[in-house]
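Take 264 as the starting number for the sequence shown in the numbering used here and just add one per residue.
One structure is given below, encoded as structure tokens.
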Amino acid sequence: MSMTRDDLIHWLRHTTHERVVDEVIDKLDSGVDIDDLWAAGALTASKHISNQARNLLGFVSHAMIGCEDARQAALGQPDDIQRLLLVQALAQVVVDLHDPCFAPYELLDVWGIEEATVEESIVQLRNDVKFGEWMRADHRIVGLERRIHREDLVDLLLDIGLEGIVTDDHTLITPALSLDMMQLTGWEAGFAMLRGTMRYSCTFPRNLEPYRRATHLVDDLGLADIITEGDVDAAEAALLRTEFLASAAEERPVLVAKAVKYRHLNAQTIMSALSLAACDMYLQVRPVPHDDYDAVSREVAPVHIGTTLNILRASLPRMKSRTKALAVVMGGCLLERGPSVLNEEFEFVPFEPDRAYPYAEDSEPLEGLTPDALLDTLQTAMFAHDERTATAAVAAYLRGGGNADVLITALVRAACTDDGTLMHNVKHLHSCLEEFRASTHPDRGNFLIAAARWISWYAGKDTTTYERAIGRVSPKPVFS
Numbered sequence: 264m265s266m267t268r269d270d271l272i273h274w275l276r277h278t279t280h281e282r283v284v285d286e287v288i289d290k291l292d293s294g295v296d297i298d299d300l301w302a303a304g305a306l307t308a309s310k311h312i313s314n315q316a317r318n319l320l321g322f323v324s325h326a327m328i329g330c331e332d333a334r335q336a337a338l339g340q341p342d343d344i345q346r347l348l349l350v351q352a353l354a355q356v357v358v359d360l361h362d363p364c365f366a367p368y369e370l371l372d373v374w375g376i377e378e379a380t381v382e383e384s385i386v387q388l389r390n391d392v393k394f395g396e397w398m399r400a401d402h403r404i405v406g407l408e409r410r411i412h413r414e415d416l417v418d419l420l421l422d423i424g425l426e427g428i429v430t431d432d433h434t435l436i437t438p439a440l441s442l443d444m445m446q447l448t449g450w451e452a453g454f455a456m457l458r459g460t461m462r463y464s465c466t467f468p469r470n471l472e473p474y475r476r477a478t479h480l481v482d483d484l485g486l487a488d489i490i491t492e493g494d495v496d497a498a499e500a501a502l503l504r505t506e507f508l509a510s511a512a513e514e515r516p517v518l519v520a521k522a523v524k525y526r527h528l529n530a531q532t533i534m535s536a537l538s539l540a541a542c543d544m545y546l547q548v549r550p551v552p553h554d555d556y557d558a559v560s561r562e563v564a565p566v567h568i569g570t571t572l573n574i575l576r577a578s579l580p581r582m583k584s585r586t587k588a589l590a591v592v593m594g595g596c597l598l599e600r601g602p603s604v605l606n607e608e609f610e611f612v613p614f615e616p617d618r619a620y621p622y623a624e625d626s627e628p629l630e631g632l633t634p635d636a637l638l639d640t641l642q643t644a645m646f647a648h649d650e651r652t653a654t655a656a657v658a659a660y661l662r663g664g665g666n667a668d669v670l671i672t673a674l675v676r677a678a679c680t681d682d683g684t685l686m687h688n689v690k691h692l693h694s695c696l697e698e699f700r701a702s703t704h705p706d707r708g709n710f711l712i713a714a715a716r717w718i719s720w721y722a723g724k725d726t727t728t729y730e731r732a733i734g735r736v737s738p739k740p741v742f743s
């Protein structure tokens, strides 16, 4: 079947949730390239779904970045998992196209505006974002795109994204994943995704105090001139992780800044320590009863700290020195806040460490089981929403020398069964997997334990899309 990406966008805009599953599989079977379908999903979402936040709990579309999260999670996985993830991502696009909060919508071309100098345009853009002038900010980045090098514009958008990450990871994860998707879309077509990320930051109530604090630390210590990149120093990362966890929360951004200034640690080493500590914190968050489930639930908020650290680390190669220095110090600000914890009234409350998963009494009965038996235990536990047994099974599997790639496939397969999470299940799994692969620390298995805890919250909660797809994609279901 010969279809252009414009043809695929037109199809997605006019199909329905009831038809999209079979139509995606039909297109794959007829020879449509899977990369064209990934790209079409992201472009459709960027141009025809409003991604402008309206409240603090972030009832926004995850469809656009969900396509990239799913595409990355699918890499290296069996063909049926790749297809299931594509189906879930495109089904989310179609669902959001029919959601009255997000559509009908069209991102129209704008003519762009320019100030007398580039510097003045940048100042005015940042003011527009600060005051929520989303349309004017859109015009300004279109104007700037004509005047400055792409790498300078990317650095600027990532810097603006840093301002809001302690409030919400979307301010940075959206431009970062959009830039990743541009590997398929190209710059010209994909620029619409970056325009949408700016509109998001304009309409989200960001807490700017952490960014101001990070800016003072970077400037006072001259970190922009001395921040370096390089391989992770595993010993220093391990030591810094311990220091983060032992320190008072408000000292963590200062510890990061001093690690750059006086210990001459590079950005990758510091980010490794930050990510390990964030994972430790997530595993210490007091569990929320599963009966309190909600699509934007109290169990969803805490895991975002790991996703944010992941996107900070992944964005470093695209950042200039000053932005890179700000990024690592903002990582310290994230640890100062800790995991986002919500009470029963969905109010933010300070993080207080509970005992860490997995619990000893859950691990002891699993000792001596074979890797295959532990994978069976894990699968049963995830679909029973039993995070205690699931995390214990992963820990036992890794201690027993089980193959990590086989475990990862089991986790991804479970995540792609569910379609009731606004793509959160895949989004946060993707970040856990990326941090596991990037780490060399003996405790890097904690990232997979965190993934199991996370997936156990959602696995099998809403499987309408999955059940429509499974008969045509795989010979047997993941669960029964």
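The beta carbon of each residue, even a glycine, is placed where N, CA and C say it ideally should be.
If only complete runs of 4 or more residues are kept, the segment 471–525 shows the alpha helix (DSSP H) at 472–484, 497–509, 515–524, in order along the chain. In the three-state reduction of the DSSP assignment, PHE611 falls in the strand class. Secondary structure of LEU539 (DSSP, three-state): helix. Under the three-state reduction of DSSP, VAL566 is assigned to helix.
In the same chain as GLU378, and ignoring 5 residues on each side of it, the C-beta atoms closer than 7 angstroms to its own belong to SER384, GLN387, in chain order.
Three or more beta-carbon pairs separated by less than 8 angstroms link the segment 718–735 to the segment 674–684, which places the two stretches in contact. Scanning its chain for C-beta atoms nearer than 7 angstroms, with the 5 sequence neighbours on each side dropped, one finds around ASP298 the residues LEU447, in chain order.
Between VAL657 and ALA715 the beta-carbon gap is near 5 angstroms, inside 8 angstroms, which marks them as a contact. Setting aside the 5 residues that flank it on each side, GLY427 is surrounded in the same chain by THR434, SER464, PHE467, ARG469, each with a C-beta closer than 7 angstroms to its C-beta; the list follows chain order. In this model, ASP269 and SER626 are separated by some 52 angstroms (Cα to Cα). Counting the other Cβ atoms within 10 Å of the Cβ of MET398 gives fewer than 16, which makes it exposed. The residue from ALA512, ARG526, HIS527, ALA530 with its alpha-carbon nearest to that of MET544 is ALA512. DSSP places LEU641 in the helix class (H, G or I) of the three-state scheme. Approximately 5 angstroms separates the beta-carbon atoms of MET593 and ALA477; this is inside 8 angstroms, confirming the contact.
The straight-line gap separating the alpha-carbon atoms of ILE328 and LEU407 is approximately 24 angstroms. The Cβ atoms of VAL689 and ALA305 do not sit closer than 9 angstroms to each other.
Within its own chain, the residues whose Cβ lies closer than 7 angstroms to the Cβ of PRO634, once the five positions on either side in sequence are excluded, are TYR660, GLY663, GLY665, listed in chain order. Annotation for LEU271: ASP299, LEU300, ALA303 place their beta carbon closer than 7 angstroms to its own, counting only its chain and skipping 5 residues before and after. From the listed residues GLU382, HIS273, SER265, GLU286, the smallest Cα separation to ARG731 is found for GLU286. Classified as buried, GLY459 has 16 or more neighbouring CB atoms from the shown chains inside 10 Å of its CB. Contact between MET534 and VAL591 holds: CB atoms are separated by about 6 angstroms, below the 8 angstroms threshold.
Within its own chain, the residues whose Cβ lies closer than 6 angstroms to the Cβ of CYS330, once the five positions on either side in sequence are excluded, are TRP301, GLY304, ALA305, ALA352, listed in chain order.
Apart from the 5 residues on each side of it in sequence, TYR721 sits with its Cβ closer than 6 angstroms to the Cβ of ASP681, THR684, ASN688 in its chain, given in chain order. Under the DSSP assignment, VAL551 falls outside any alpha helix (DSSP H); it carries neither an H nor an E label. The shortest C-alpha to C-alpha distance from PRO550 to any of ARG413, LEU605, LEU598, LYS521 is the one to LEU605. The C-alpha of HIS412 is placed about 16 angstroms away from the C-alpha of GLY375.
Distance from the CA atom of ALA701 to the CA atom of LEU539, rounded to whole angstroms, is 11 angstroms. For the options LEU670, SER510, LEU692, ARG618, the alpha carbon positioned closest to that of ASN573 is the one of LEU692. In the three-state scheme derived from DSSP, where H, G and I count as helix and E and B as strand, LEU685 is classed as coil. Of all alpha-carbon atoms in ASP649, ARG276, ASP494, the one lying nearest the alpha-carbon of ASP362 is that of ARG276. Excluding residues up to 5 positions away in sequence, LEU306, SER309, LYS310, LEU370 lie with their Cβ nearer than 8 angstroms to the Cβ of ALA455 in the same chain. With fewer than three CB-CB distances shorter than 8 angstroms, the segment 523–531 does not count as touching the segment 596–616. Distance check between ALA541 and each of GLU698, ALA673, TRP274, VAL669 places GLU698 closest, using alpha-carbon atoms only. Taking C-beta atoms as the reference points, THR571 and ASP432 count as a pair closer than 9 angstroms.
ARG561 has its alpha-carbon roughly 22 angstroms from the corresponding atom of CYS364.
In this structure VAL392 does not touch MET445 by the C-beta definition: roughly 21 angstroms separates them, more than the 8 angstroms allowed.
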